[in-house]
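Residue numbers for the sequence shown follow my numbering, so the first one is 6 and each next one is one higher.
Heads up: the structure comes next, in structure tokens.
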Amino acid sequence: MTDLAELTAAELLEGYAAGSFTPVDATEAALDRIEAHNTALNAFVLVDRKSALASAEASAKRWQAGETLGTGDGVPTSIKDMFITAGWPTLRGSTLIDDAGPWDADAPCVARLRENGAVLLGKVSTPEFAWKGTTDSQRFGATGNPWDPATTAGGSSGGSSAAVGAGMGPWSVGTDAGGSVRIPAAFTGTVALKPTFGMVPMFPASPFGTLAHAGPMTRSVGDAALLMDIVTGFDSRDWSALPTPTTPFTEGLEDGIEGLRIAFSPTLGFGKNAPEVERLAREAVTVLESLGAVVEEVDPGFADPVEPFHVLWFTGAAKVVAAYGPGALAKVDPGLRAGIEQYADASAQDYLDATAVRMDLGVHMGAFHQQYDLLVTPTMPITAFDRTRQAPDGWGSDLWTSWTPYTYPFNMTQQPAASVPCGVSDDGLPVGLQFVAARTQDRLVLRAARAYEKGSGEKFTRPASVPAKQGTA
6 MTDLAELTAA ELLEGYAAGS FTPVDATEAA LDRIEAHNTA LNAFVLVDRK
56 SALASAEASA KRWQAGETLG TGDGVPTSIK DMFITAGWPT LRGSTLIDDA
106 GPWDADAPCV ARLRENGAVL LGKVSTPEFA WKGTTDSQRF GATGNPWDPA
156 TTAGGSSGGS SAAVGAGMGP WSVGTDAGGS VRIPAAFTGT VALKPTFGMV
206 PMFPASPFGT LAHAGPMTRS VGDAALLMDI VTGFDSRDWS ALPTPTTPFT
256 EGLEDGIEGL RIAFSPTLGF GKNAPEVERL AREAVTVLES LGAVVEEVDP
306 GFADPVEPFH VLWFTGAAKV VAAYGPGALA KVDPGLRAGI EQYADASAQD
356 YLDATAVRMD LGVHMGAFHQ QYDLLVTPTM PITAFDRTRQ APDGWGSDLW
406 TSWTPYTYPF NMTQQPAASV PCGVSDDGLP VGLQFVAART QDRLVLRAAR
456 AYEKGSGEKF TRPASVPAKQ GTA
């Protein structure tokens, strides 16, 4: 029999419509995966089995009556523990937050999922206040990778990627202010989209301000498009929310990339890749060429904006920690504290200078996309490493931005960017390929990602079940 935990959301919805199985069957399969593997992976920080099964039973009745609520009706779903969720605590990986609540409101994406009948399984892990590219916190510990639980799932949406990759529900919603859906997608062989800023409304506002995006994390590009159709839409609580899209993200998904002008930049001009990452990215580019795209190897021509990014990042982090009162800084993740202290003397002029660099970068990339429809890079220059470390062994710096050079620049510019799997290294760990387009060209990113996924034989879009080898939670 089909293992329902291995199916995509689209396949589950087809099965519900055909009467082959029900949302209760799919929810029980996801809950069974959680029970079997969460001790090793530490993806979920809260599981509400009773509520999930009640939601699934209600969905099954709607399917039977032909009265479904929307696209996601009955799909088992996890929520990153950065999104407020009515009835559940949102602890953000921090010991500073009291779990007493009240927890009486939904973030926009959570509200849209409920309205569509999604089955909410629980909350998944994040580092404290989603501040870094690995997922570990003093409150909940480290999250492991379904391909090897001893390695990191990436971050900050590592709980989402580990859950999706391990079959603990086919999709999740994460946040990305510097790579936080794309980093874990690359490390876990899953799919993620960082939409154009404002496409998915956010409330409360992120401490990282206009760097922070919300987006889908899935096992297929088709599911990412389906989930975008659910979680997008204007919400008055977000002052920067874009108007509700009028065209489904699933429309045109299969149109291919023939004739598109693609710039392939293996390093953006300042990164350095592990040999296997470089090889697999170049092999992926040959697939794009075979599909009719016109590919040119060219760097986009900007310097690494990491220092201005740090100013924006850590001044935002300082603000959120300060809200918890005197002495709060001494209680947070030591790496977060060190970053905040390093930039404690940043002035208003420093912030404005960093913003100026950001604006210039946006202008530069706007001009770049007049010549090229898409920019393609490796998502990450490395594969996943030890989940107890902040960087690979022998790396020059423990700061997460030192090993994520291809993600944070596109938070500075607010462009849409997706990560899709493009192979597995010799040591059995996934590698991701990143597609970037001009602002508001989210459908183009999804279309190109889908063309590659289909053209590569979809070999890597379904991560294997959690391997027999187990890590420690």
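The C-beta atom is built at its ideal place from N, Cα and C for all residues, glycine as well.
Every value quoted in this text rests on a predicted model; they were computed, and no experiment measured them.
Reduced DSSP secondary structure (H/G/I, E/B, other) of residue i
| i | result |
| --- | --- |
| N4 | This structure cannot settle anything about residue 4, because the visible part of the chain is limited to 6 through 478. |
| F440 | strand |
| A327 | helix |
| D358 | helix |
| I387 | coil |
| I89 | coil |
| T412 | coil |
| G332 | coil |
| P339 | helix |
| L449 | helix |
| S407 | helix |
| W108 | coil |
| G246 | The sequence given here places Ala at residue 246; Gly does not occur at that position. Coil. |
| E346 | helix |
| A116 | helix |
| E263 | coil |
| T291 | helix |
| P189 | helix |
| W2 | Outside the shown range of the chain (6 to 478) lies residue 2, about which nothing can therefore be said. |
| T429 | The question names Thr, but residue 429 is Val in the sequence shown. Strand at V429. |
| A155 | strand |
| T320 | helix |
| S32 | In the sequence on display, residue 32 carries Thr and not Ser. Helix. |
| R284 | helix |
| L9 | helix |
| M417 | helix |
| K474 | Low per-residue confidence applies at K474: pLDDT is 45, beneath 50, and the placement is therefore not dependable, though the value from the model is reported in the following sentence. It is coil, neither helix nor strand. |
| V205 | coil |
Beta-bridge pairing of residue i - partner residues as DSSP gives them
| i | result |
| --- | --- |
| H218 | D181 |
| L125 | T82 |
| I102 | Answer is none; I102 lacks a bridge partner. |
| D141 | A147 |
| L380 | A268, V441 |
| W136 | In DSSP, W136 forms no bridge with anything. |
| L198 | A423 |
| V169 | DSSP, once it has assigned bridges, lists no residue as partnering V169. |
| V299 | R266 |
| P435 | V429 |
| T223 | W176, V196 |
Inter-residue CB distance, residue i and residue j (contact presumed, cutoff 8 Å)
| i | j | result |
| --- | --- | --- |
| A34 | V129 | Not quite, the Cβ-Cβ distance comes to about 17 Å (not below 8 Å), so this is no contact. |
| G159 | K85 | With a Cβ gap of about 13 Å, G159 and K85 do not count as contacting. |
| L265 | A217 | Incorrect: roughly 29 Å between the Cβ atoms, too far for contact. |
| L247 | A171 | Actually they do not touch by this definition, with Cβ atoms about 33 Å apart. |
| L58 | T27 | Going by Cβ atoms, the distance from L58 to T27 rounds to 11 Å, so no, they are not a contact pair. |
| A91 | D111 | 5 Å |
| G98 | T44 | No, G98 and T44 are not in contact; Cβ-Cβ is about 18 Å, not under 8 Å. |
| I235 | G75 | 7 Å |
| H479 | T409 | Shown here, the chain extends from 6 to 478; a query on residue 479 therefore has no answer. |
| A230 | T193 | Not quite, the Cβ-Cβ distance comes to about 20 Å (not below 8 Å), so this is no contact. |
| V300 | F269 | 5 Å |
Exposed unless 16 or more other CB atoms sit within 10 angstroms - verdict on residue i
| i | result |
| --- | --- |
| G122 | buried |
| M173 | buried |
| G332 | exposed |
| S295 | exposed |
| D431 | exposed |
| E458 | buried |
| V450 | buried |
| V368 | exposed |
| Q419 | buried |
| S402 | exposed |
| P280 | exposed |
| T477 | Caution is warranted here: a pLDDT of 35 is assigned to T477, below 50, making its placement in the model unreliable, and the coordinate value is therefore given only provisionally. Label assigned to T477: exposed. |
| G138 | buried |
| W244 | exposed |
| P421 | buried |
| S25 | exposed |
| F239 | exposed |
| M222 | buried |
| E16 | buried |
| T291 | exposed |
| Q347 | exposed |
| M364 | exposed |
| L438 | buried |
| T479 | Past the boundaries of the shown model lies residue 479; the chain is included only from 6 to 478, so the question cannot be answered. |
Near the ligand SAM: residue i beta-carbon under 7 Å from a heavy atom
| i | result |
| --- | --- |
| D111 | Of the ligands one can find in the structure shown there are none, so the ligand SAM has no counterpart to examine. |
CB contact below 8 Å: residue i versus chain C
| i | result |
| --- | --- |
| T140 | Among the chains of the structure shown, chain C does not appear; only one protein chain is present. |
Quiz item: Which runs of the alpha helix (DSSP H) spanning at least 4 residues fall entirely within the stretch 43-75, listed in chain order?
Solution: 54-70
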